[in-house]
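Taken in order, the sequence shown gives residues 1 to 87; the numbers are from the numbering used here. Heads up, the beta-carbon is just placed ideally off N, CA and C, and yes, glycines get one too. None of the values given here were measured: they were computed from a predicted structure.
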Amino acid sequence: MKKIRSYTSIWNVEKVLYAINDVNLPFPVTFTQITWFVLTEFIIILFADLPPLSMIEGAFLKYFGIPVALTWFMSQKTFDGKKPYSY
Numbered sequence: 001m002k003k004i005r006s007y008t009s010i011w012n013v014e015k016v017l018y019a020i021n022d023v024n025l026p027f028p029v030t031f032t033q034i035t036w037f038v039l040t041e042f043i044i045i046l047f048a049d050l051p052p053l054s055m056i057e058g059a060f061l062k063y064f065g066i067p068v069a070l071t072w073f074m075s076q077k078t079f080d081g082k083k084p085y086s087y
């Protein structure tokens, strides 16, 4: 069976943010990572009074650590070469 070459994937380049105004970021951040962080932060703020999240005492862990960990996991993990959110 002959493979058909497709060049449509060259147009699907992920946008990367290197600086905000004149302040350079310590590492490049993709727009997908920003979206995951903001979405996770919003969910944590929304459900902060429910038992799993209400038992976490440290504000740094609750409002920064969990969103960073989930963002890192979702940007690193791939299933069959696809990101978890692209199924």
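Leucine 17 and isoleucine 4 have their C-alpha atoms spaced approximately 34 Å apart. In the three-state reduction of the DSSP assignment, lysine 62 falls in the helix class. The beta-carbon separation of tryptophan 36 and threonine 71, rounded to 4 Å, stays under the 8 Å limit for a contact. Between the C-alpha atoms of isoleucine 34 and isoleucine 44 there is a straight-line separation of about 15 Å. Counting along the chain, leucine 50 sits inside no beta strand (DSSP E), nor does DSSP assign it H or E at all. In this structure, tyrosine 7 keeps its C-beta atom at 8 Å or more from the C-beta atom of glutamate 41.
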